[in-house]
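Novice: First the structure, then my questions, so here it is.
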Amino acid sequence: YQRTTTGGNTSCVEVCGDNTAIILDAGSGIRQLGIELMQGPCGQGKGTVHLLISHTHWDHIMGFPFFTPAYAAGNQVFIYGRHPRIKERFQDQHHPDHFPVSLETMSANVQFVQLQE
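Each residue of the sequence shown is one higher than the one before, starting from 3 at the first, in the working numbering.
Right, dumping it as structure tokens:
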């Protein structure tokens, strides 16, 4: 998310729109982006986020557990990906062996959309 020459965050790009966040990948940069999104509609539980996942390698999804808008009731978070088990990949990431908060306990309405070729 932040620009730097070395030592920056992993993949996360925001495409700005009218009160709707479109994000490409959920690398470590999504944590800071989530904090910034909470200054707008997401902070009021009225945000809509469209998160497109290019693939589920760790460096492209590692920041999602720290994405604050996913913890705010009322927000809508749509996660799109081509992986045949995209939801299960995120559930595995939130397994108690890896992270103390399960995907199902996030307060936002998190939905997964399986993309076809």
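In this text, a Cβ means the ideal position worked out from N, Cα and C, and glycines have one as well.
The structure presented is a predicted model; accordingly, all values stated were derived computationally and were not measured.
#1: Using only the alpha-carbon positions, how far apart do S13 and S30 sit?
#2: Between the Cα of R91 and the Cα atoms of F68, P71, G10 and H57, which residue gives the shortest distance?
#3: Report yes if the CB atom of G36 is closer than 7 Å to the CB atom of F66, and no otherwise.
#4: Just the Cα atoms here: how many angstroms apart are N11 and C18?
#5: Would you kindly report the start and end of the unbroken alpha helix (DSSP H) that includes Q93?
#6: What ranges does the alpha helix (DSSP H) occupy inside the segment 20-91, keeping only unbroken runs of at least 4 residues that lie completely in it?
#7: Answer yes or no: do H97 and L105 have a C-beta to C-beta separation smaller than 7 Å?
#8: Do H52 and I24 have their C-beta atoms within less than 7 Å of each other?
#9: Roughly how many whole angstroms lie between the Cα atoms of S109 and D94?
#10: If I'm right that L39 touches G47 with Cβ under 8 Å, what's the distance once you round it to whole angstroms?
Specialist: To lay it out plainly:
#1: 7 Å
#2: H57
#3: no
#4: 19 Å
#5: I88 to Q95
#6: 32-39 and 60-63
#7: no
#8: yes
#9: 18 Å
#10: Wrong, their Cβ atoms sit about 12 Å apart, outside the cutoff.
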